[in-house]
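Residue numbers (this note's numbering): -12 to 311. C-beta: ideal position from N, C-alpha, C; glycine also. Worksheet for the structure shown next.
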Ligand code: PBG
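Shown next, in the form of structure tokens:
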């Protein structure tokens, strides 16, 4: 008969011991709140597939920026939902376009107290719903898209973005945007690159959130979920091109990549806890099948434990308020 010499349970015996030895923490400053600001709404509109998340009016968004600052969040990531879309996504370049107006509102509200970030992609602005413009045969025109991204980055910097976040997975986008920003005098505007972004079913609810008109899929530009080495290639390219922060997206089915990327690079690593990941938890909780708060805490902890320094999550405000 042998009793154990080593007893790991000692370090789990009380809440105080568990707190003392916890290896990972989630802090408000590590959380970034993604927000949707829609043109032409008179009041915030709930997004049915994302319980608790709304399309904001400019006014309701302003209250949310202020709240995020008071709660000490790391930042906000803004998405614009324009009323009118066209083939080239011209609303993205217009200083009076909804996203650029929202960026200006955010800076007026919070100044430098929060990091104001901007999604830099055309899919919310194009009538075909793709992240880039199309050539005469209907294929994504990578390099014509870069020209627009460069101008979009400058428009967002002028509107007030501290950091722009290219999410279109076009080759060379970070280098192109970096040089456009630098030549326009915005050398201090940062780039958070959606470096390893997968073609994922977990973006489903987001399509409702931005009134997406996408037909088809994004498989010629977003990554294949089967590939891990390719993510490292994408991340290293983005860093070489000038990314200040690299992101893995989605988070939960890609925790292995968050860990690999964290071990490989010397810049901050972000991960995006996406719309479908929220929807699954909210749906199960609404049915009484899981404990909602515990599930949220466990998910955010797992993304941090995997190696993400920064987590984009629709639960950012709620969790930060609970942490206080
Ligand atoms: C593209 C973009 C998407 C998301 C963030 N930026 C959608 C897509 O690539 O299809 C998804 C975010 C989420 O699902 O929460 N601009």
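Straight-line gap, residue i to residue j (C-alpha atoms, nearest Å)
{"i": "residue 37", "j": "residue -8", "result": "49 Å"}
{"i": "residue 127", "j": "residue 117", "result": "8 Å"}
{"i": "residue 92", "j": "residue 194", "result": "24 Å"}
{"i": "residue 125", "j": "residue 185", "result": "22 Å"}
{"i": "residue 163", "j": "residue 79", "result": "17 Å"}
{"i": "residue 27", "j": "residue 42", "result": "11 Å"}
{"i": "residue 89", "j": "residue 211", "result": "33 Å"}
{"i": "residue 47", "j": "residue 77", "result": "25 Å"}
{"i": "residue 54", "j": "residue 82", "result": "25 Å"}
{"i": "residue -5", "j": "residue -11", "result": "16 Å"}
{"i": "residue 112", "j": "residue 120", "result": "10 Å"}
{"i": "residue 35", "j": "residue 254", "result": "36 Å"}
{"i": "residue 44", "j": "residue 218", "result": "36 Å"}
{"i": "residue 136", "j": "residue 160", "result": "7 Å"}
{"i": "residue 25", "j": "residue 292", "result": "34 Å"}
{"i": "residue 262", "j": "residue 301", "result": "8 Å"}
{"i": "residue 17", "j": "residue 29", "result": "32 Å"}
{"i": "residue 282", "j": "residue 306", "result": "12 Å"}
{"i": "residue 134", "j": "residue 95", "result": "29 Å"}
{"i": "residue 297", "j": "residue 204", "result": "28 Å"}
{"i": "residue 284", "j": "residue 122", "result": "45 Å"}
{"i": "residue 71", "j": "residue 158", "result": "27 Å"}
{"i": "residue 167", "j": "residue 68", "result": "24 Å"}
{"i": "residue 64", "j": "residue 131", "result": "25 Å"}
{"i": "residue 154", "j": "residue -3", "result": "46 Å"}
{"i": "residue 287", "j": "residue 107", "result": "25 Å"}
{"i": "residue 256", "j": "residue 289", "result": "14 Å"}
{"i": "residue 104", "j": "residue 31", "result": "21 Å"}
{"i": "residue 142", "j": "residue 7", "result": "47 Å"}
{"i": "residue 52", "j": "residue 100", "result": "10 Å"}
{"i": "residue 129", "j": "residue 215", "result": "23 Å"}
{"i": "residue 59", "j": "residue 49", "result": "16 Å"}
{"i": "residue 75", "j": "residue 156", "result": "17 Å"}
{"i": "residue 234", "j": "residue 251", "result": "13 Å"}
Rounded distance between the beta-carbons of residue j and residue i, thought under 8 Å
{"i": "residue 97", "j": "residue 149", "result": "Incorrect: roughly 10 Å between the Cβ atoms, too far for contact."}
{"i": "residue 66", "j": "residue 197", "result": "6 Å"}
{"i": "residue 236", "j": "residue 259", "result": "4 Å"}
{"i": "residue 115", "j": "residue 199", "result": "Actually they are not in contact, since the Cβ atoms of residue 115 and residue 199 sit about 10 Å apart, beyond 8 Å."}
{"i": "residue 20", "j": "residue 303", "result": "4 Å"}
{"i": "residue 310", "j": "residue 15", "result": "6 Å"}
{"i": "residue 144", "j": "residue 176", "result": "4 Å"}
Terminal residues of the beta strand (DSSP E) in which residue i lies
{"i": "residue 42", "result": "41 to 43"}
{"i": "residue 258", "result": "256 to 260"}
{"i": "residue 234", "result": "232 to 236"}
{"i": "residue 252", "result": "Where residue 252 is concerned, there is no enclosing beta strand (DSSP E), given that its DSSP letter is neither H nor E."}
{"i": "residue 299", "result": "297 to 300"}
{"i": "residue 34", "result": "That residue, residue 34, is in no beta strand (DSSP E); it is neither H nor E in DSSP."}
{"i": "residue 151", "result": "150 to 153"}
{"i": "residue 20", "result": "18 to 25"}
{"i": "residue 105", "result": "102 to 107"}
Element boundaries [alpha helix (DSSP H), containing residue i]
{"i": "residue 193", "result": "191 to 196"}
{"i": "residue 170", "result": "160 to 170"}
{"i": "residue 62", "result": "Note, residue 62: premise wrong, no alpha helix (DSSP H); beta strand (DSSP E) at 62 to 68."}
{"i": "residue 132", "result": "129 to 146"}
{"i": "residue 306", "result": "303 to 310"}
{"i": "residue 92", "result": "85 to 97"}
{"i": "residue 8", "result": "2 to 8"}
{"i": "residue 315", "result": "As displayed, the chain neither begins before -12 nor continues past 311, which places residue 315 out of reach and without an answer."}
{"i": "residue 282", "result": "279 to 293"}
{"i": "residue 201", "result": "No alpha helix (DSSP H) contains residue 201, which DSSP labels as neither H nor E."}
{"i": "residue 114", "result": "No alpha helix (DSSP H) contains residue 114, which DSSP labels as neither H nor E."}
{"i": "residue 225", "result": "216 to 228"}
Contact test: residue i Cβ vs the ligand FAD heavy atom, cutoff 6 Å
{"i": "residue 261", "result": "Annotation note on the ligand FAD: not contained in the displayed structure, which lists the ligand PBG as its ligands."}
Any non-hydrogen atom of the ligand PBG closer than 6 Å to residue i Cβ
{"i": "residue 112", "result": "no"}
{"i": "residue 163", "result": "no"}
{"i": "residue 211", "result": "no"}
{"i": "residue 185", "result": "no"}
{"i": "residue 361", "result": "Because the chain in this structure spans residues -12 to 311, residue 361 falls outside the shown range and cannot be described."}
{"i": "residue 23", "result": "no"}
{"i": "residue 154", "result": "yes"}
{"i": "residue 190", "result": "yes"}
{"i": "residue 193", "result": "yes"}
State whether the segment 259 to 277 contacts the segment 180 to 190, with contact taken as three or more CB pairs (one from each stretch) at a distance under 8 Å.
yes
When you compare the segment 273 to 282 with the segment -6 to 2, are there three or more beta-carbon pairs, one atom per stretch, that lie closer than 8 Å?
no
The segment 6 to 17 in contact with the segment 233 to 253 per 3-pair CB rule at 8 Å:
no
Check whether the segment 167 to 181 and the segment 223 to 234 are in contact - that is, three or more C-beta pairs closer than 8 Å.
yes
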